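For what it's worth, the numbering used here labels the leading residue of the sequence shown as 1, then goes sequentially.
Glycine included, C-beta positions come from ideal geometry on N, C-alpha and C.
Just so we're clear, the structure is a prediction, and the values are computed from it rather than from any experiment.
Working notes for the structure below.
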Amino acid sequence: MTALALDIGATKFAAALVDSSGRVGESRRVQVPDTGVWESCRTLLAEVAGERRVTAVGIGSAGPVDVTAGTCGPLNIPEWADGFPLVESVRKLFPEAEIRFAIDGVCLVLAEQRFGAARGVDNVLALTVSSGIGGGVISDGRVVMGRTGNGGHLGHIVVPGQEEPCACGGFGCVEAVASGKSSVRWARRQGWAGTTGVELAAAARAGEPIAVAALARAGAAIGTAVASAAALLDTDLVAIGGGFAQSGELLWGPLREAAAAHARLKFLRELRVVPSELTDQATLQGAAILALGDA
1 MTALALDIGA TKFAAALVDS SGRVGESRRV QVPDTGVWES CRTLLAEVAG
51 ERRVTAVGIG SAGPVDVTAG TCGPLNIPEW ADGFPLVESV RKLFPEAEIR
101 FAIDGVCLVL AEQRFGAARG VDNVLALTVS SGIGGGVISD GRVVMGRTGN
151 GGHLGHIVVP GQEEPCACGG FGCVEAVASG KSSVRWARRQ GWAGTTGVEL
201 AAAARAGEPI AVAALARAGA AIGTAVASAA ALLDTDLVAI GGGFAQSGEL
251 LWGPLREAAA AHARLKFLRE LRVVPSELTD QATLQGAAIL ALGDA
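Structure below.
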């Protein structure tokens, strides 16, 4: 049996072979092109599969998705905005394969519970804070999928008092306020001259006031959203990963403070908010779990 894992991200595709334990091998990545998106993805899958007979494919995709229809429409891939028939397209490439498909947040939380900070925990929120913000939920040991497969779309929890427009069409979503890209946009409006989340974090560590304020603003928004989600779901642990989440204590301090300030109900007093133990291959790891049918 040959199993593949595929990660459809907002800015990149990644694919890898999966071993019998559900772990991924060395992955290959390509940037998402402006046009010819499926052609790029198809080439990547064919290269990873080689001449092997593929019998299972696990797919984690940025959302929104429609798991029943097998379509995805990531907000940052305009060519797929109306819903691309991803499962059908992969099936044409590997007609003998069992294909299992989920939003990337589901893959993230599966990987976090199997391999990361949430091992042995039955009530988990997992967030990734990077160019966007996504997440997944395990409640009473079961992955929350929802009606269309978009359960756990935590990036679109609304942060009180925020009016930032979001790519989803709404405003005040935590993704629009606190992602790496959103934080850079806010800092640049205040006069900061940098262009990336990595630069923003470095500027904050160097004591630049606008950068410090940007990270504090992002951390407070994430912490507020986490407390709201944890109260709704009666969660034990929140694991937060992603590139922008690695910005250090200037992000994490305000994040923890906001979470503690809002998570005041008795059943939330033991809530743990911790860094993810996974690498940037978390979605691939979760897709590998899907591929083997272990979710």
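Quiz item: Smallest Cα separation from ASP294: which of ALA202, ARG114, PRO160?
Solution: Counted from its first residue, the sequence shown places residue 294 at position 294. The option with the nearest alpha carbon to ASP294 is ARG114.
Quiz item: For LEU154, which option in ALA229, ILE99, SER183 has the closest C-alpha, if you only look at C-alpha atoms?
Solution: Your numbering for residue 154 matches position 154 in the sequence shown. Of all alpha-carbon atoms in ALA229, ILE99, SER183, the one lying nearest the alpha-carbon of LEU154 is that of ALA229.
Practice problem: Using three-state DSSP, classify PRO275 as helix, strand or coil. | Solution: The sequence position of residue 275 within the sequence shown is 275, counting from 1. It is a strand residue.
Practice problem: Following the continuous beta strand (DSSP E) through ASP7, name the residue where it begins and the one where it ends. | Solution: Against the sequence shown, residue 7 aligns to sequence position 7. Looking at the DSSP string, the run of the beta strand (DSSP E) that includes ASP7 is 2-8.
Self-check item: Beta-carbon contacts of ARG28 that lie in its chain and below 8 angstroms, excluding the five residues immediately before and after
Solution: Translated into the one-based positions of the sequence shown, residue 28 becomes position 28. Excluding positions up to five away in sequence, the list reads ALA14, ALA15, ALA16, LEU44, GLU47, VAL48.
Practice problem: Decide yes or no for the touch test of the region 96-108 against the region 54-61: beta carbon pairs closer than 8 angstroms, at least 3 of them. | Solution: Counting Cβ pairs under 8 angstroms, three or more are found: they touch.
Exercise. Pull up the distance between the alpha-carbon of ALA148 and that of LEU284, whole angstroms please.
Key: The sequence position of residue 148 within the sequence shown is 148, counting from 1. The sequence position of residue 284 within the sequence shown is 284, counting from 1. Checking the displayed sequence, the identity of residue 148 turns out to be Thr instead of Ala. If you take the alpha carbons of THR148 and LEU284, they lie about 21 angstroms apart.
Quiz prompt | Distance between beta carbons of ALA220 and ALA258, contact taken as under 8 angstroms | solution = In the sequence shown, counting from the first residue as 1, residue 258 sits at position 258. In the sequence shown, counting from the first residue as 1, residue 220 sits at position 220. Right, the Cβ-Cβ distance comes to about 4 angstroms (below 8 angstroms), so this counts as a contact.
Quiz item: Could you give the residue range of the beta strand (DSSP E) that holds GLN31?
Solution: For the purposes of this step, residue 31 is taken as the residue at position 31 of the sequence shown. 28-31 is the extent of the beta strand (DSSP E) around GLN31.
Quiz item: Where do the N-terminal and C-terminal ends of the beta strand (DSSP E) with VAL238 fall, by residue?
Solution: For the purposes of this step, residue 238 is identified with residue 238 of the sequence shown, where counting begins at 1. Element bounds for VAL238: 237-241.
Quiz prompt | Local conformation of GLY135 per DSSP, three classes | solution = On the sequence shown, residue 135 is found 135 positions in, with the first residue counted as 1. In the structure shown, GLY135 sits in a strand (DSSP, three-state: E or B).
Quiz prompt | Contacts around GLY25, its chain only, beta-carbon distance under 6 angstroms, and the 5 residues preceding and following it disregarded | solution = Start at 1 with the first residue of the sequence shown, and residue 25 comes out as number 25. If we look at GLY25 and ignore the five residues flanking it on each side, its Cβ neighbours are ALA16, LEU17.
Exercise. Please work out which residues of its chain come closer than 7 angstroms, Cβ to Cβ, to GLN31, disregarding the five sequence neighbours upstream and downstream, and give them in chain order.
Key: If you number the sequence shown from 1, residue 31 lands on position 31. Only THR11, LYS12 meet the Cβ criterion.
Exercise. Count the C-beta pairs between the region 245-264 and the region 136-145 that are closer than 8 angstroms, then say yes if the count reaches three, no if not.
Key: Verdict: no, contact absent.
Quiz item: Should PRO64 be labelled buried (16 or more other beta-carbon atoms within 10 Å of its own) or exposed?
Solution: Here residue 64 refers to the residue found at position 64 when the sequence shown is read from its first residue. Per the 10 Å Cβ criterion, buried.
Exercise. Could you name each continuous alpha helix (DSSP H) segment of 4 residues or more that falls completely within the region 36-64, going from the start of the chain to the end?
Key: Within the region 36-64, the complete alpha helix (DSSP H) segments at least 4 residues long are 37-49, listed from N- to C-terminus.
Quiz item: The alpha helix (DSSP H) with GLU163 in it runs from where to where?
Solution: Walking along the sequence shown from the start, residue 163 turns up at place 163. Run containing GLU163: none; DSSP gives neither H nor E here.
Quiz item: If THR68 and VAL159 are in contact, beta carbons under 8 angstroms, what's the gap, nearest whole angstrom?
Solution: As a first step, residue 68 is located in the sequence shown; it is residue number 68 there, counting from the start. As a first step, residue 159 is located in the sequence shown; it is residue number 159 there, counting from the start. No, THR68 and VAL159 are not in contact; Cβ-Cβ is about 30 angstroms, not under 8 angstroms.
Practice problem: State buried or exposed for PRO74, treating a residue as buried only when at least 16 other CB atoms are found within 10 Å of its CB. | Solution: As a working mapping, residue 74 is identified with position 74 in the sequence shown. With 16 or more neighbouring CB atoms inside 10 Å of its own CB, PRO74 falls in the buried class.
Quiz item: Does the Cβ of GLY120 have 16 or more other Cβ atoms within 10 Å, making it buried, or fewer, making it exposed?
Solution: Residue numbering aside, residue 120 sits at position 120 when the sequence shown is read from its first letter. Only exposed fits GLY120, as fewer than 16 other CB atoms lie within 10 angstroms of its CB.
Exercise. Please report the Cβ distance between LEU200 and GLY194, rounded to the nearest whole angstrom; I am assuming they are in contact, meaning their Cβ atoms lie under 8 angstroms.
Key: Residue 200 sits at position 200 when you count from the first residue of the sequence shown. Residue 194 sits at position 194 when you count from the first residue of the sequence shown. With 8 angstroms as the limit, LEU200 and GLY194 qualify as a contact, their Cβ atoms being about 6 angstroms apart.
Quiz item: Exposed or buried, which one is GLY197 when buried takes at least 16 other CB atoms within 10 Å?
Solution: Within the sequence shown, numbered from 1, the residue matching residue 197 stands at position 197. That one is buried.
Quiz item: Quick one: Cα of PHE94 to Cα of GLU51, how far?
Solution: Translated into the one-based positions of the sequence shown, residue 94 becomes position 94. Translated into the one-based positions of the sequence shown, residue 51 becomes position 51. The alpha-carbon of PHE94 is positioned some 11 angstroms away from that of GLU51.
Quiz item: In or out: SER247 buried (at least 16 other Cβ within 10 Å) or exposed?
Solution: Taking the first residue of the sequence shown as position 1, residue 247 is located at position 247. Result: buried.
Quiz item: With distances taken between CB atoms, is the gap from GLU175 to ILE133 smaller than 8 angstroms?
Solution: For the purposes of this step, residue 175 is taken as residue 175 along the sequence shown, with counting starting at 1. For the purposes of this step, residue 133 is taken as residue 133 along the sequence shown, with counting starting at 1. Going by C-beta atoms, GLU175 is nearer than 8 angstroms to ILE133.
Quiz item: Is it true that the CB of VAL106 sits closer than 8 angstroms to the CB of GLY286?
Solution: Here residue 286 refers to the residue found at position 286 when the sequence shown is read from its first residue. Here residue 106 refers to the residue found at position 106 when the sequence shown is read from its first residue. Against a cut-off of 8 angstroms, the Cβ pair of VAL106 and GLY286 comes out as a contact.
Quiz prompt | Nearest-angstrom Cα separation, counted from ALA260 out to ILE289 | solution = Your numbering for residue 289 matches position 289 in the sequence shown. Your numbering for residue 260 matches position 260 in the sequence shown. Going from the Cα of ILE289 to the Cα of ALA260 covers about 33 angstroms.
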